[in-house]
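These notes concern the structure reproduced below.
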Amino acid sequence: MSNQVRRRYSDLQPMKRYSITRLIFALVALIVLFYPQQFSKSGVVTGQKRLKRLQRSPRSVAKPPPASIRVDYSNFSHSTKKHQAACNTCHRLPTDNWKKVRDFPDVADYPGHNACVGCHRPQFFKGAKPVICSVCHSKVSPRDDVRFAFRNAAAPRQFLIEFPHDKHQDVIARMFRRLPAKQRPLFVRASFTYSNPGADDKTKHYNNCEICHSPRTTAPVAPATGWTDAFIPDAATFKAAPTSHAACFNCHWKSQQPINENCAGCHKLGDKSFLTVDAPKRFSLKFRHAREQHVAECTTCHINITKATTLRGLQPDVPITSCTECHNKDGLRQDVSKELEAIDKNRDFVCSYCHTSDVGRLDPPSSHYLIAGREAMKRKDLK
Amino acid sequence: MTGTTSNRIARRALSLALSLCAATLAIAQTPTTPPNARGVIRLKVKVKPVTPATGLSRKRFFLIKGSLAENQSLIENMKRRPVTSRDCYYRGIGASEALIAWLKQYDCESVYCREVDDWKEVDAVPEFQRAVAAGEKEFGSRELARKWLTVNLSDQIRDGYYRQQQQDLRTLLETAKAKVTSVMTDQKGTAYFTNIEPGRYVISNIIRIEGSETASLWNCEVKVEAGDISMVMDRPFQISNTRDMKPLMLKQTKCFSDEQPLPACPTR
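So the sequences go chain by chain: A and B.
Sequential numbering of the first sequence, starting at 10, is according to my numbering.
Sequential numbering of the second sequence, starting at 208, is according to my numbering.
Written out as structure tokens, the structure is:
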């Protein structure tokens, strides 16, 4: 049967055969064009892709030079095999200078010369200004022993930090019972003056996310391309994150692992060195944590943080519903709905209540339309 | 003859293409759940005395794959696990009554609950006094010794209660080979399980949560359907440890805990 058809098909005039082939291809192309979801792997039409969070994303600086190239001794790398001995081979904890530069015992200085000279004697005594000295010393001179601050904020980072949010949130959990004031125990020692427990609750500071994420006090750094729409968020728009051992050693100094001598418990050597980018990158840059109405507990909006076992792959985890419980409620406000309606009238409308124009000019994600009780649509489909 | 044959073939090819097109259109019209569709649960935990504002704050809840029947042996093991109250644990390791009173006063499970920021508290609790004395010797600063007080407490006092609970949790889950995810409630007792594959699950706290007189254990079956978080905002999965609440709220509550009285502590 198939041979017969094939023979008949080959008998056709070349022009006619060409037309039939063209017709079939055109039909298949039309089907694929109009029903892409039937042909995609996930079965879902690929929608608007969210921007990648750029804040503190690792940026490759340089690959280690091949062995054939001269070694640059001004660049110290923990990736070098011979630099991977136990941390306390070179680093002391605490360093002698901690009381001068910190208010807690810490690794506050570079290792001494002994740590380097054992292997690098030739480089140490090469020329008047040995290049190897510039790893630690801001000025290379035998008469000047000034060093960079430890750690040198301008130097690329080599280690990634391990931090399980879930465990830390567990250990600061409270009991749920609240005893009536009369049943509360009172301290019996004469030296302890006991005041009203109700009043105590207001002044006592419970450990919560804020012990590490207090309101930011320094202004954020502008992105490399400048602030979009010249909108400059103030410091209180953001929360701070720990930048030193101060946030860790108060519990992990000794006994509670990972302790001060177990550096690898928190610091994992990365594949590449990287520079941290302090410039904020947010979808809703206009959201201010410090705004007086934004008083909920962190986990009320950051709904996935309590299951985060690592800092790797943390994603923006504030759903639109965290905002619209107030900002798109009947009888309250209709901030999302209003801007979607504005797009209906003018497809070039830029959403600006929460977003700067880099985000505000994109197609609103389907979650926004769902909140407004509408079918999701694309700007290009509007007249 | 050749012309007739070629016309027939052209017609066949055209009808084949049209059939293909029609079949695709039919498939496209059939509503199907995308294979990667995920669901969300908005969990609300109300505890006695129930008011709209009282929620069980900062407690971990687990989502266990499978129905109640499928997880029966795990649930039986949870129920059989003996309850050690916080007070009994601390009494059992020989903690001072002053330390137990300090924990009780601030509803704390451990000394990590809050910073001991008042010297009067240090003076009142012998364990704190000893820790500050050791810290002062080590750091040369009484203030730093107070701030870092927990580093000089014994292991059992510092986090023994937490470690004991974690050990029990691990044992229960490893024995059952259960696949779980977990989240913690916020101050209003709300938590979200996101990105869940549709199906049947059990929401459980696994380790009983201690209340003022009883310890609560929730094991609640929930059916998860694919959908966006906005669809569950008005339909939370509400659970409680009491039926003593207003009728409307009672109607909204999907599951109640199994309560067990707190045991009396053995005398020292």
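Built from N, CA and C at the ideal position, the CB exists for glycine as well.
The structure displayed is predicted, hence computed values, not measured ones.
Mind pulling the chain B residues with CB within less than 7 Å of residue i?
i                      : result
residue 215 of chain A : 320 and 321
residue 29 of chain A  : 217 and 220
residue 308 of chain A : 391 and 393
residue 379 of chain A : 435 and 437
Under 8 Å, do residue i and residue j count as touching if we go by C-beta distance?
i                      : j                      : result
residue 417 of chain B : residue 246 of chain B : no
residue 174 of chain A : residue 314 of chain A : yes
residue 229 of chain A : residue 288 of chain A : yes
residue 308 of chain B : residue 364 of chain B : no
residue 387 of chain B : residue 353 of chain B : no
residue 295 of chain B : residue 462 of chain B : no
residue 290 of chain B : residue 469 of chain B : yes
residue 266 of chain B : residue 460 of chain B : no
residue 323 of chain B : residue 275 of chain B : no
residue 337 of chain A : residue 327 of chain A : no
residue 399 of chain A : residue 80 of chain A  : The structure shown does not extend to residue 399 of chain A, since chain A is modelled only from 10 to 392, so the question has no answer here.
residue 82 of chain A  : residue 140 of chain A : yes
residue 399 of chain B : residue 312 of chain A : yes
residue 99 of chain A  : residue 131 of chain A : no
residue 91 of chain A  : residue 142 of chain A : no
residue 423 of chain B : residue 466 of chain B : yes
residue 305 of chain B : residue 339 of chain B : no
residue 149 of chain A : residue 135 of chain A : no
Please classify residue i as buried or exposed, where buried requires at least 16 other C-beta atoms within 10 Å of its C-beta.
i                      : result
residue 455 of chain B : exposed
residue 300 of chain B : exposed
residue 350 of chain B : exposed
residue 214 of chain B : exposed
residue 266 of chain A : exposed
residue 406 of chain B : exposed
residue 251 of chain B : buried
residue 39 of chain A  : exposed
residue 270 of chain B : buried
residue 270 of chain A : exposed
residue 396 of chain B : buried
residue 421 of chain B : buried
residue 225 of chain B : exposed
residue 255 of chain B : buried
residue 178 of chain A : buried
residue 239 of chain A : exposed
residue 114 of chain A : buried
residue 122 of chain A : exposed
residue 154 of chain A : exposed
residue 317 of chain A : buried
residue 448 of chain B : buried
residue 15 of chain A  : Residue placement at residue 15 of chain A is flagged as unreliable, the pLDDT there being 49, under the threshold of 50; the coordinate-derived value follows with that caveat. Label assigned to residue 15 of chain A: exposed.
residue 366 of chain B : buried
Residues of chain A with CB under 8 Å from residue i, in chain order?
i                      : result
residue 366 of chain B : 180 and 265
residue 351 of chain B : 112 and 113
residue 374 of chain B : Those do not exist, as residue 374 of chain B stays about 13 Å from chain A at its closest Cβ, beyond 8 Å.
residue 451 of chain B : The premise fails here: residue 451 of chain B is roughly 16 Å from chain A at the closest Cβ pair, so nothing lies under 8 Å.
residue 369 of chain B : 179 and 180
residue 362 of chain B : 264
Which residues of chain A have a Cβ atom closer than 7 Å to the Cβ of residue i, listed in chain order?
i                      : result
residue 388 of chain B : 316
residue 355 of chain B : 259 and 262
residue 401 of chain B : 312 and 313
residue 288 of chain B : Ordered by position in chain A, no residue passes the 7 Å Cβ test against residue 288 of chain B, which lies about 18 Å from the chain.
residue 267 of chain B : 179
Would you mind telling me which residues of chain B sit closer than 8 Å to residue i, beta carbon to beta carbon, in chain order?
i                      : result
residue 104 of chain A : Within 8 Å Cβ-Cβ: nothing; residue 104 of chain A doesn't reach chain B, min ~14 Å.
residue 114 of chain A : 346
residue 330 of chain A : 436, 437 and 440
residue 32 of chain A  : 220, 221 and 224
residue 36 of chain A  : 224, 225, 227 and 228
Between residue i and chain E, is there a C-beta pair that is closer than 8 Å?
i                      : result
residue 376 of chain A : The question asks about chain E, but that chain is absent: this structure's protein chains are A and B.
Who are the neighbours of residue i on chain A, taking C-beta pairs under 9 Å?
i                      : result
residue 274 of chain B : Result: empty, since nearest Cβ-Cβ is about 22 Å, beyond 9 Å.
residue 294 of chain B : Going along chain A, no residue has its Cβ under 9 Å from residue 294 of chain B, so there is no contact; the nearest lies around 10 Å.
residue 339 of chain B : Within 9 Å Cβ-Cβ: nothing; residue 339 of chain B doesn't reach chain A, min ~14 Å.
Only counting runs of 3 or more residues, tell me where the beta strand (DSSP E) segments fall wholly within the region 143–181 of chain A, in order along the chain.
166–170
Pairs of beta-carbons, one from the region 270–286 of chain B and one from the region 375–383 of chain B, closer than 8 Å: are there three or more?
Look at the beta carbons and you see the region 270–286 of chain B touching the region 375–383 of chain B: at least three pairs across the two are nearer than 8 Å.
contact_flag[the region 375–390 of chain A, the region 327–340 of chain A] where n(CB pairs < 8 Å) is 3 or more
yes
Indicate whether the contact test is met: 3 or more Cβ pairs, each with one atom in the region 433–449 of chain B and one in the region 315–330 of chain B, closer than 8 Å.
No: fewer than three Cβ pairs fall under 8 Å.
Three or more beta-carbon pairs under 8 Å between the region 300–307 of chain A and the region 402–414 of chain B, yes or no?
no
Does the region 350–367 of chain A come into contact with the region 284–299 of chain A, if we say contact requires no fewer than three beta-carbon pairs (one atom in each stretch) closer than 8 Å?
yes
Is the region 162–171 of chain A in contact with the region 273–285 of chain A, if contact means three or more CB pairs nearer than 8 Å?
yes
So within the region 106–137 of chain A, which uninterrupted alpha helix (DSSP H) runs reach at least 4 residues, ignoring any that extend past its ends?
107–110 and 123–133
At which residue ranges does the region 301–355 of chain B contain complete alpha helix (DSSP H) runs of 4 or more residues, listed in the order of the chain?
304–312, 326–331, 333–346 and 349–354
Enumerate, from N- to C-terminal direction, the unbroken beta strand (DSSP E) stretches of 3 or more residues contained entirely within the region 227–292 of chain A.
For the region 227–292 of chain A, whole beta strand (DSSP E) runs of length 3 or above, ordered along the chain, are 276–283.
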